[in-house]
Amino acid sequence: MAFVFDVLSTLIQLYSWALIIYILMSWFPNAKESSIGQFLARICEPYLEPFRRFVPPLGMIDISPIVAFIVLNLAQMGLRQLFLWFI
0 MAFVFDVLST LIQLYSWALI IYILMSWFPN AKESSIGQFL ARICEPYLEP FRRFVPPLGM
60 IDISPIVAFI VLNLAQMGLR QLFLWFI
C-alpha cells in the first residue's frame with residue numbers, strides 16, 4: 000500500500016512541476032510553440048481548462064492555475080489521509 004501511495008504522490012508532484020513550467024513558459028515569447036511547450040500543453044491544458052471556465056481572469060492575470068494548484072494539494076492531502084486511514 001505504501002508503494003501505491005508513493006507512486007501517486009510522486010505523480011502529483013511531477014504534474015505540479017509540469018504545471019509550473021508550463022505557466023512560466025507563457026512569459027517567454029514562442030516558448031509554448033516549442034516541442035516541449037506543445038507536450039506540456041497537451042498534458043496541462045485539459046486540467047487547467049475547467050478552472051479557466053469557472054475562475055474569471057482579473058484583468059491580464061489568470062488566477063486559475065493557483066486554484067488548480069490548490070486542488071492538486073488537496074488531492075495529495077486527501078490521498079495521504081486515505082493512506083493513513085488504511086494503515
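Note that numbering that gives the first Met the number 0 has the sequence shown beginning at 0, numbered continuously upward. We put the CB at the ideal spot given by N, CA and C, even for glycine.
Contiguous alpha helix (DSSP H) elements confined to the stretch 25-63 occur at 34-53, taking only those with 4 or more residues. Annotated three-state conformation of M0 is coil, per DSSP. If you draw a straight line from the Cα of F82 to the Cα of W16, it comes to about 23 Å. By the neighbour-count definition (other C-beta atoms within 10 Å, threshold 16), A1 is an exposed residue. Inter-residue distance for N29 and L23 is about 12 Å (C-alpha atoms, whole angstroms).
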